[in-house]
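K.L.:
Going by numbering that gives the first Met the number 0, the sequence shown opens with residue 0, and the numbers climb by one from there.
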Amino acid sequence: MDLSVTEDTEASLVASPTSQQVALFRYITQAVISAPRTTDPANPSWHDKMLMYDPIILEDLTAWLNAGQLDRVGHDGEVAPGDVKKWCESKSNLRGKERKRF
């Protein structure tokens, strides 16, 4: 675990992922990136939504992953919304902090 202090002097507790989480995160990344892109701009793929900085609803992304996308990339099992949240935070440039208005 890493306890770091940000510029705003807020204490942030950042836990490094376990080896199981690292393996799961690889599967989630592969599922999101390798999913076919949509041609309908009104219904973008999950990867497109992330590239456009659209808000991601964790329960919807989790349901999509558990509906066969993780099986497609070789992961045998389901993922919990908490793990999907940790994956999102690991890919975020905010690193667990919330976006603030300036």
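Where is the CB? At the ideal position from N, CA and C, for every residue including glycine.
Using 9 Å as the threshold, is the C-beta distance between R36 and D53 below it?
P.N.:
Against a cut-off of 9 Å, the Cβ pair of D53 and R36 comes out as no contact.
K.L.:
Look up E9 in the DSSP assignment and say whether it is helix, strand or coil.
P.N.:
Interpretation of E9 is limited by its pLDDT of 41, a score under 50 that renders its predicted location unreliable; the figure taken from the coordinates is listed afterwards. Looking at E9 - three-state DSSP - the assignment turns out to be coil, as it is neither helix nor strand.
K.L.:
Between V21 and T38, what straight-line distance do the alpha-carbon atoms span, to the nearest angstrom?
P.N.:
Answer to the nearest angstrom: the Cα atoms are 32 Å apart.
K.L.:
Just the Cα atoms here: how many angstroms apart are A41 and K90?
P.N.:
So the two alpha carbons sit approximately 25 Å from each other.
K.L.:
Pop quiz: M49 and I56 are said to be a contact at Cβ under 8 Å. What is the actual Cβ separation, rounded to whole angstroms?
P.N.:
Not really, about 12 Å apart at Cβ, beyond 8 Å.
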